[in-house]
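Down below is the structure, laid out as structure tokens.
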Amino acid sequence: MKHETYDVMQSTNGRPIKMWTQGVPVEDEAKQQLQNTANMPFIFKHVAVMPDVHLGKGSTIGSVIPTKGAIIPAAVGVDIGCGMIATKTTLTASDLPDNLGPLRSAIEKAVPHGRTPGRQDRGAWSNAPTVVDEAWAQLAPDFARITSKFPKLARTNHRIHLGTLGTGNHFIEVCLGEDQFVWVMLHSGSRGVGNAIGNTFIELAKADMRRHFINLPDQDLSYFPEGTEHFDDYVFAVDWAQRYAKLNREVMMQHVIAALRKMITKPFEAQQEAVNCHHNYVQRENHFGEN
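Whatever position you read off the sequence shown (first residue = 1), add 26 for my numbering.
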């Protein structure tokens with residue numbers, strides 16, 4: 027079925043799949059994942075599919091999966107709270123140096139990034155600055171609550187990854203708006219601790235399905251029913267990881283702006299316009315008059 031801006035793919039026995047993908051090829055394997063997801067009994071109204079949809083772990087990446095009465099940890103994934111922060115400055119293109127190499131080097135020095143094996147991981151803090159400790163102080167009490175129940179998470183990279191970029195498609199960019207003002211933008215999430223939280227609860231959900239003899243089209247669609255202990259534990263932990271991700275981006279932005287000030291002598295203001303939002307997250311919402 028075709029609408030003005032989206033197509034509708036009917037699932038076999040479940041909810042419809044609204045696909046904002048006109049003119050965009052979608053893999054057959056991704057379509058099968060969408061079918062499997064839409065057939066889950068707790069999907070609310072419809073699954074929404076974005077133009078960047080592609081094969082994921084159990085569920086597609088680039089889709090919105092509304093659930094009522096249950097939550098699927100693998101659909102949220104392991105880079106919990108991954109998102110973007112962008113800040114507009116009062117600098118313009120003409121204020122930037124002709125050679126941006128030294129500016130890039132200053133930013134790379136200011137923000138740990140990448141990963142090297144062993145204790146001297148260049149992607150983590152060896153001596154965390156004060157701003158990291160201040161940010162961690164906001165997170166530590168609830169993290170202690172999580173690790174009291176899941177002690178293995180205490181041995182993850184948590185404090186030493188706060189304010190660090192990571193690997194993969196995470197990036198820092200100095201860019202220009204259409205009005206030629208300089209923006210700083212970066213992309214990152216909840217780092218090692220978020221990955222560990224995601225994997226911990228994905229495996230717990232799979233174990234719960236086995237314990238209750240629940241057969242699924244894909245084990246990565248394993249879920250926690252609302253009202254269960256693991257549902258509550260996961261919602262608390264994933265909310266914490268999303269707060270971590272937000273603070274992680276804020277700390278990095280502070281360090282990038284500081285590096286910019288060192289390399290550009292002209293005084294400037296930041297935070298003229300700013301956004302800090304997740305694009306890989308879960309939250310309670312109200313739609314069609316229901317929560």
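A virtual CB, placed ideally from N, CA and C, is assigned to each residue, including glycine.
Selected residue, minimal CA-CA separation from GLN6, among MET66, GLY315, THR31: As displayed, the chain neither begins before 27 nor continues past 317, which places residue 6 out of reach and without an answer.
Residues sharing a beta bridge with SER214, DSSP: For this step, residue 214 is matched to residue 188 along the sequence shown. For SER214, which the question treats as bridged, DSSP gives the partners GLY109.
Same chain, Cβ closer than 6 Å to GLY215, neighbours up to 5 away in sequence not counted: For this step, residue 215 is matched to residue 189 along the sequence shown. The answer, listed in chain order, is ASP105, GLY107, CYS108, ALA271.
Limits of the beta strand (DSSP E) - the one that VAL90 falls within: Against the sequence shown, residue 90 aligns to sequence position 64. Segment 87-90, the beta strand (DSSP E) holding VAL90.
Host beta strand (DSSP E) of HIS304 (start-end): Here residue 304 corresponds to residue number 278 of the sequence shown, with the count starting at 1. That run of the beta strand (DSSP E) goes 300-304.
Cα-Cα separation, THR118 to LYS135: Taking the sequence shown and counting its residues from 1, one reaches residue 118 at position 92. Taking the sequence shown and counting its residues from 1, one reaches residue 135 at position 109. Straight-line Cα distance between these residues: approximately 24 Å.
Residues bridged to THR118 (per DSSP): Along the sequence shown, read from residue 1 onward, the residue named residue 118 stands at position 92. In the DSSP output, where bridge partners are listed per residue, THR118 has PHE207.
Alpha carbon of ASP147 to alpha carbon of VAL73, nearest angstrom: For the purposes of this step, residue 147 is taken as residue 121 along the sequence shown, with counting starting at 1. For the purposes of this step, residue 73 is taken as residue 47 along the sequence shown, with counting starting at 1. Straight-line Cα distance between these residues: approximately 40 Å.
Spatial distance of ALA161 from SER248 (CA atoms): Working through the sequence shown from its first residue, we reach residue 161 at position 135. Working through the sequence shown from its first residue, we reach residue 248 at position 222. Cα-Cα distance, rounded: 33 Å.
Per-residue DSSP class, three states only, for ILE240: Working through the sequence shown from its first residue, we reach residue 240 at position 214. Coil.
Counted within 10 angstroms of its Cβ, other Cβ atoms place HIS281 as buried (16 or more) or exposed: Counting from one through the sequence shown, the residue named residue 281 turns up at place 255. Buried, since its Cβ has 16 or more Cβ neighbours within 10 Å.
VAL90, buried or exposed, once every other Cβ within 10 Å from all chains shown has been counted against 16: Residue mapping note: residue 90 aligns to position 64 of the sequence shown, counting from 1. Answer is exposed; the Cβ neighbour count stays below 16.
Classification of GLY88 by the beta-carbon crowding that lies within 10 angstroms, buried from 16 upward: Taking the first residue of the sequence shown as position 1, residue 88 is located at position 62. By the 10 Å Cβ count, GLY88 comes out buried.
Residue range of the beta strand (DSSP E) that includes MET76: On the sequence shown, residue 76 is found 50 positions in, with the first residue counted as 1. Unbroken beta strand (DSSP E) run through MET76: 73-80.
Strand pairing of GLU199, partner residues [DSSP]: By 1-based counting over the sequence shown, the position of residue 199 is 173. In DSSP, GLU199 forms a bridge with MET211.
Supposed close pair ASN302, ARG310 - CB separation, criterion 8 Å: Residue mapping note: residue 302 aligns to position 276 of the sequence shown, counting from 1. Residue mapping note: residue 310 aligns to position 284 of the sequence shown, counting from 1. 20 Å between Cβ atoms; not a contact.
Collapsed DSSP secondary structure at ILE290 in the structure displayed: Start at 1 with the first residue of the sequence shown, and residue 290 comes out as number 264. Three-state DSSP puts ILE290 in coil, outside helix and strand.
Under 9 Å between C-beta atoms of ALA112 and LEU212: Indexing the sequence shown from 1 puts residue 112 at position 86. Indexing the sequence shown from 1 puts residue 212 at position 186. Yes, they are a contact pair.
Identity of the residue in LEU273, SER120, ILE223, LYS114 nearest GLU299 by Cα: To locate residue 299, count along the sequence shown from 1; it is residue 273. Ranking LEU273, SER120, ILE223, LYS114 by Cα distance to GLU299 puts LYS114 first.
ALA96 (DSSP reduced to helix, strand or coil): As a working mapping, residue 96 is identified with position 70 in the sequence shown. Correct three-state label for ALA96: strand.
GLU319 - partner residues in DSSP beta bridges: A question about residue 319 goes unanswered here, because the residues of the chain that appear run from 27 up to 317.
Reference ASP244, options LEU60, ASN39, PRO51, LYS44, closest by Cα: Taking the first residue of the sequence shown as 1, we reach residue 244 at position 218. Minimum Cα distance to ASP244 is reached at LEU60.
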